[in-house]
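**Q** I have a structure I would like to understand better, so I am pasting it below and will then ask my questions one at a time.
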Amino acid sequence: MKIYSKILIAGFILIYGCTNMAPETIDVNQEQDGCTPQFPEMKVTYNNYVKNVIARYCINCHQGGNSSGPGNFTTYNGVRLYTDFFALRVIQDRADMPQGNAPLPKSVRDSLNIWIRNCSPEN
Ligand code: HEC
140 MKIYSKILIA
150 GFILIYGCTN
160 MAPETIDVNQ
170 EQDGCTPQFP
180 EMKVTYNNYV
190 KNVIARYCIN
200 CHQGGNSSGP
210 GNFTTYNGVR
220 LYTDFFALRV
230 IQDRADMPQG
240 NAPLPKSVRD
250 SLNIWIRNCS
260 PEN
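Just so we're aligned, residue 140 is where the sequence shown starts under the working numbering, counting upward by one.
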């Protein structure tokens, strides 16, 4: 068999396989980016928890304008743009945020971790 037909067949299998894997219904808890909540029984949300943590520990440096830190953490969407960096910068034991201070209390970091692993729900 010529190499081209092999590639063609492989391509068909790939496309067919992927189409077949798509779920038929989308879970309401699932965010649009395809994230699946890992602790669905734990309800840590932006509005019931994360907002207050950020307001207390982060906003003074992360509020846009002339503040020293990047981003604007005063809104849900503003925070969401940075959640990919939280594991390294905020949640791990040697996290360096809040800048110039010790990492957040372990229980707070654990809750932030659950929030992010649950696809960072707003409500
Ligand atoms: C005293 C000021 C200050 C405080 C308080 C602070 N930050 Fe920062 N933060 C910075 C600065 C400045 C940077 C950019 C320099 C750097 O990356 O170290 C930064 C960077 C970051 C980054 C990386 C952004 C990127 O684009 O890589 C994240 C995530 C972050 N901060 C989250 C937080 C969170 C969450 C809190 C609260 C728990 C917080 N910060 C508290 C000043 C601060």
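Heads up, the beta-carbon is just placed ideally off N, CA and C, and yes, glycines get one too. All values derive from a computational prediction rather than experimental measurement.
#1: When the Cβ atoms of the segment 173–192 are set against those of the segment 234–250, are three or more pairs found closer than 8 Å?
#2: Taking DSSP's pairing of strands, which residues face residue 211 in a bridge?
#3: Less than 8 Å between the CB atoms is what I'm expecting for residue 244 and residue 234, so what's the real figure, rounded?
#4: Output the distance between the C-alpha atoms of residue 228 and residue 203, rounded to the nearest integer angstrom.
#5: Going by C-alpha to C-alpha distance, which of 258, 255, 236 and 188 sits closest to residue 207?
#6: Is it true that the CB of residue 196 sits closer than 7 Å to the CB of residue 210?
#7: Give a single yes or no on whether residue 185 has its beta carbon closer than 6 Å to a heavy atom of the ligand HEC.
#8: Would you tell me roughly how many angstroms separate the C-alpha atoms of residue 173 and residue 225, rounded to the nearest one?
**A** Straight from the coordinates:
#1: Using a C-beta cut-off of 8 Å, the segment 173–192 makes contact with the segment 234–250, since at least three inter-stretch Cβ pairs fall below that distance.
#2: In the sequence shown, residue 211 corresponds to position 72, counting from 1. Answer is 202.
#3: The sequence position of residue 244 within the sequence shown is 105, counting from 1. The sequence position of residue 234 within the sequence shown is 95, counting from 1. No, residue 244 and residue 234 are not in contact; Cβ-Cβ is about 12 Å, not under 8 Å.
#4: Position 89 of the sequence shown, counted from the start, is the residue given in the question as residue 228. Position 64 of the sequence shown, counted from the start, is the residue given in the question as residue 203. C-alpha separation (whole angstroms): 19 Å.
#5: Position 68 of the sequence shown, counting from 1, holds the residue named residue 207. Relative to residue 207, the option among 258, 255, 236 and 188 whose CA is nearest is 236.
#6: Taking the first residue of the sequence shown as position 1, residue 210 is located at position 71. Taking the first residue of the sequence shown as position 1, residue 196 is located at position 57. The Cβ-Cβ distance between residue 210 and residue 196 does not fall below 7 Å.
#7: As a working note, residue 185 is residue 46 in the sequence shown. No - the ligand HEC has no heavy atom lying nearer than 6 Å to the Cβ of residue 185.
#8: The count along the sequence shown starts at 1 and reaches residue 173 at position 34. The count along the sequence shown starts at 1 and reaches residue 225 at position 86. Taking the straight line joining both Cα atoms gives about 19 Å.
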